[in-house]
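Residue numbers (my numbering), protein chains in the order written: chain A, 6 to 321; chain B, 5 to 545. All C-beta atoms, glycine included, are put in the ideal place defined by N, C-alpha and C. The structure appears right after this line, and notes come after that.
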Amino acid sequence: MLSYILRRVLYTVPIALGVTIFVFALIHLSGDPINAVVAPDATAETVAKLKKDYGFDKPLPLQYLLWLGKALHGDFGYSIVNSRPVLATLLLAVPNTLILACCATLIGFTLGALLGGLAGFYQGRLVDKLATGLGIAGVSVPHYWLGMVLVIVFAVELQLLPATGMGPGGSSGWEWDWLHIKHLVLPAVTLSVIPCGIITRTVRATVAEILNQEFVQALRAKGLLHRQVIRHVVKNVAPTVLAVMGLQLGYLLGGSILVETVFNWPGTGFLLNDAIFRRDIPMLQGTILLLSMFFVVLNLIVDIVQTMVDPRMRRS
Amino acid sequence: MSPRNKLLGPRFVTGIFALMIVSGALAHDARAQGHLRIGMTANDVPLTWGQPDNGFEGYRTPGLMIYDSLINFDLTSADKPSGLIPGLAESWEVSKADPTKWTFKLRRGVKFHDGSEFNADAVIFNMDRLFNDKAPQYSARMVSLTNFRLPAYKSVKKVDDYTIEFETKSTDAFWPYQICYVLFASPKQWEATGKDWTKFAESPSGTGPWKLTALKARELAELVPNKDHWDKSRVPKLDKVTLIPMPDPSARTAALLSGQVDWIEAPSPDAMKRIKSSGFEIVSNIYPHIWSWHLNRVEGSPWNDIRVRKAANLAIDRKGVVELLGGYGVEAIGHVPKGDPWFGTPSFVPKTDVGAAKKLLAEAGYSEQKPVKVKMLISASGSGQMLPLQMNEYIQQNLKAVGIEVEFEVVEWQALLDLWRAGGKSPQIKGAHGVNISYNTQDPYSTFHRFLRSDLAAPAGVNFGYYSDPEMDKLLQAAQASFDPKELEANLAKIHTKMVDDALFVWVVHDVAPRAMSKKVKGFVQSRNWFQSLSPVTLDK
């Protein structure tokens with residue numbers, strides 16, 4: 006088991022390197038970063054001076070290596086837009102995204118597992134049709150659009166929940182009280198819709214598949230009670246659902262740009278959005294590297310948990 | 005007199021009146037307070053270390069709230085364009101013997117928020133921050149945000165504690181406009197924050213009417229009044245202002261409608277009706293902004309024929325464009341609005357006249373079989389661009405109706421700025437015949453010179469289209485050497501007259517900077533400027 010974990014950890018190194026090279030190349034393909042920093046009609050003289058000041062006058066491979074060398078020592082550099090340290094800014098944003106993504110995953114997983122389970126056990130019936138319909142809707146509805154609709158209904162019309170932000174004083178002093186949680190409800194529900202849909206469909210398909218397997222018929226033939234059969238089915242469904250949930254959490258951690266922007270949620274998605282529009286290269290590189298590492302680490306955790314839950318995987 | 009009568013006697017009545025007056029005053033005082041929350045369009049709280057980012061929105065909030073400049077724009081009137089008024093400098097004059105030398109007399113007794121004194125040393129410190137790369141306070145980022153606005157700057161020296169002398173690179177009457185963009189930060193506070201501008205930005209110290217009390221990156225900035233501000237008429241009446249970055253227009257609108265903020269900048273046109281029907285007010289006023297097509301004049305461009313330029317200007321249904329904007333725009337018949345002191349007396353009026361447009365094109369040798377074909381660079385969004393896709397498509401239809409076929413190359417906003425800087429001869433623009441970028445017309449250099457001076461053709465400047473006219477160059481030079489304000493106005497009017505008569509741009513609309521606010525917000529005067537003052541604003545309870 007330990008060698009398996011070590012091997013998987015080692016795999017993350019080339020992945021991380023690949024990601025940094027890819028991101029670096031993509032950002033530089035989109036235009037000269039210094040042009041996003043200088044004012045539109047800055048003189049050529051000013052632009053040249055600033056390129057030198059920021060180190061953008063060096064050849065690209067050298068710029069990359071310099072950045073990588075510092076990043077390996079935990080120095081992600083400074084934002085070229087506001088001069089704040091990238092790592093400190095990221096560390097402020099990450100907990101906010103974690104709060105949102107974990108809550109959304111929890112909602113999505115609970116609802117998805119419930120709906121998928123019901124649909125799987127009662128295939129072809131009304132409850133199956135309803136759950137499948139909800140699952141398809143969840144996957145199909147653009148979540149930023151849903152976010153806006155929820156805001157119109159619950160914030161603007163009913164005035165029950167706040168439309169934006171993370172609390173009365175921003176993200177400082179976040180607490181799990183109603184004053185703060187009410188800011189979390191709409192973005193978390195919005196963000197949970199896609200994982201909910203995906204998990205519903207996955208659970209339904211897996212349950213349906215397992216119910217048709219011979220061992221379930223054998224269990225029933227042995228005279229086991231319905232709930233005992235369900236317990237066995239759930240154990241067999243768990244590894245697949247866990248894998249999907251891990252992936253979904255990874256997507257939510259990195260892919261909540263639109264929802265965080267619609268709700269002004271000061272997380273990594275909002276940060277990334279700002280960095281993209283302003284071509285803030287150090288911030289973009291740092292954020293993308295961190296988010297991709299989240300994904301890699303989550304996959305690793307999921308693999309390990311799956312192995313623990315399903316002994317067959319360990320053997321393979 | 006019975007006790008009952010005593011109770012209703014004259015003294016009692018006088019007392020009641022006195023009480024009413026006092027309580028009325030108290031009630032007024034109570035109204036003249038409050039906590040105003042503003043939803044900004046910026047992605048982040050603009051930089052608070054002196055020179056703001058996020059363009060003029062950053063100057064407006066919180067730049068000119070925390071800081072002052074040597075010369076300020078007069079933001080007290082909604083009825084006339086803002087002129088220049090003394091700020092941290094009480095007066096300024098150009099040397100008659102050498103017009104590149106400017107003497108500024110500084111205001112005495114002005115204190116920074118940290119209690120230190122504003123004087124000539126503070127001015128030198130702040131100019132070195134931008135122009136002396138050997139100085140420890142030099143900031144490349146602030147340079148990138150500011151120096152392009154001060155093309156005339158050469159040097160500064162201290163004459164005495166309250167007198168400084170600026171030298172410009174050449175004779176330049178626009179220097180007072182340029183120095184408006186330098187905001188003065190406290191040298192003492194910079195020392196106190198470890199000589200680190202990033203830390204300074206967390207607890208900045210300026211001389212402005214507001215002090216920053218809280219800053220949370222990408223979330224909010226809180227400011228309270230500086231009761232000791234040197235200009236008592238600018239001491240804020242509110243208790244507190246919170247600035248909240250909300251880049252998404254629908255999020256801003258929802259925040260206003262749900263009562264999370266009291267004021268939003270730039271509501272989207274399609275939300276105006278809803279905002280008004282929900283009991284909010286839309287405040288707007290014309291300001292120095294022009295939405296136009298900047299034409300490429302390199303060899304082979306169809307825009308080199310004045311008849312084609314005039315025909316395009318005559319073909320546009322500006323009324324329709326304003327309707328598209330929900331009524332929040334002013335039809336542009338020049339680079340500056342009619343009534344502006346710089347407007348002049350052009351004989352060509354770019355009003356909608358399809359017949360005249362067709363006639364001009366026919367005279368130029370074009371017909372239905374042989375239409376004018378142009379390619380324009382446009383963006384899908386961007387600062388000050390209003391509704392670029394919808395507006396450009398509308399104009400495309402207008403022009404097609406007279407025989408001008410327009411093809412659009414839609415690029416991302418920053419990429420569009422890159423192409424604009426590259427200029428009309430650059431292979432990057434792939435033969436485009438113009439660019440759609442909205443411009444500010446707040447000062448003479450930004451309004452005219454940067455686009456029209458032949459020596460500022462790209463890449464030396466942003467004369468994108470390589471426009472060159474010796475006669476215009478002479479007018480531009482004359483304006484830049486006009487130190488008397490009346491003479492300057494007259495010379496700028498001559499430039500604008502020629503600009504319109506030669507139809508140098510295709511002008512469409514001026515923005516009116518709509519902002520939506522709760523009816524509780526009182527006292528706001530929307531000046532005809534990019535900058536606004538929150539000092540007179542109050543919030544009813």
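It is roughly 11 Å from the alpha-carbon of B:Gln264 to the alpha-carbon of A:His188. Under a criterion of Cβ atoms nearer than 7 Å, the residues of chain B adjacent to A:Phe275 are, in order, Arg222. It is roughly 10 Å from the alpha-carbon of A:Ile157 to the alpha-carbon of A:Leu151.
With respect to the 8 Å criterion, B:Pro350 and B:Phe178 are not classified as neighbours on the basis of their beta carbons. The stretch 117-132 of chain B makes contact with the stretch 195-211 of chain B, as at least three CB pairs between them are under 8 Å.
Of the candidates A:Val242, A:Ile306 and A:Ser88, the residue whose Cα lies closest to the Cα of A:Leu119 is A:Val242. When C-beta atoms of the stretch 216-233 of chain B are compared with those of the stretch 109-129 of chain A, fewer than three pairs fall below 8 Å, so the two segments do not count as touching.
B:Thr217 counts as exposed, since fewer than 16 other beta carbons sit within 10 angstroms of its beta carbon. Under the three-state reduction of DSSP, A:Pro90 is assigned to strand.
Spatial neighbours of B:Gln536 in its own chain (CB-CB distance under 7 Å, excluding positions within 5 residues in sequence) are listed in chain order as Arg64, Leu79 and Gln530. Per the DSSP secondary-structure output, B:Ala101 pairs with nothing in a beta bridge. Of the candidates A:Glu265, A:Gly170 and A:Thr245, the residue whose Cα lies closest to the Cα of A:Val314 is A:Thr245. The C-beta of B:Leu329 has 16 or more other C-beta atoms within 10 Å across all chains shown, which makes the residue buried. The bridge partners DSSP lists for B:Glu285 are B:Met521. Note on geometry: alpha-carbon atoms of B:Leu479 and B:Val49 lie some 41 Å from one another.
The continuous alpha helix (DSSP H) containing A:Ser145 extends over residues Leu131 to Ser145.
Across the set A:Leu254, A:Phe282 and A:Asp285, the C-alpha of A:Leu254 shows the shortest separation from the C-alpha of A:Leu296.
With the criterion set as a beta carbon lying under 8 Å from some beta carbon of chain A, the members of the stretch 452-475 of chain B are Arg454, Pro463, Ala464, Gly465 and Val466, in sequence order.
At the C-beta level, B:His500 and B:Phe347 come within 8 Å of one another.
Closest by C-alpha distance to A:Thr195, out of A:Leu263, A:Thr207 and A:Gly170, is A:Leu263.
Separation of the CB atoms of B:Phe455 and B:Val466 is rounded to 7 Å, and the pair is thereby assigned contact status at 8 Å. At a cut-off of 8 Å, the C-beta of B:Thr107 has no neighbouring C-beta in chain A.
Judged by beta-carbon spacing, A:Thr94 lies within the 8 Å limit of A:Leu276, meaning their Cβ atoms are closer than that value.
Non-local beta-carbon contacts of B:His339 in its own chain, meaning distances under 7 Å to residues more than five positions away in sequence, involve Ile294, Thr445, Thr451, His500, Met503, Phe509 and Trp511 in chain order. For the pair B:Lys355 and B:Arg322, the Cα-to-Cα distance works out to about 8 Å.
With respect to chain B, the C-beta atom of A:Leu65 has no partner C-beta closer than 8 Å. For B:His39, the secondary structure class from DSSP, reduced to helix, strand or coil, is strand. By the 16-neighbour rule on beta-carbons within 10 angstroms, B:Gln141 is buried.
Against A:Phe81, chain B offers no close residue; the least beta-carbon distance is about 15 Å (beta-carbon pairs closer than 9 Å). For the C-beta of A:Ile293, not a single chain B residue is nearer than 8 Å; the gap to the nearest is close to 17 Å. One finds Gln164 in chain A with Cβ atoms closer than 8 Å to the Cβ of B:Gly263, taken in chain order.
Comparing alpha carbon positions, the residue from B:Lys277, B:Phe284 and B:Ser254 closest to B:Trp267 is B:Phe284. Annotation for A:Phe27: the continuous alpha helix (DSSP H) segment containing it runs Leu7 to Leu34. Following the DSSP letters along the chain, one finds B:Ala218 inside the beta strand (DSSP E) bounded by residues Trp214 to Lys220. One finds nothing in chain B with a Cβ atom closer than 9 Å to the Cβ of A:Gly60; even the nearest lies about 10 Å away.
Judged by DSSP secondary structure, B:Asn76 falls within the beta strand (DSSP E) whose first and last residues are Ile75 to Phe77.
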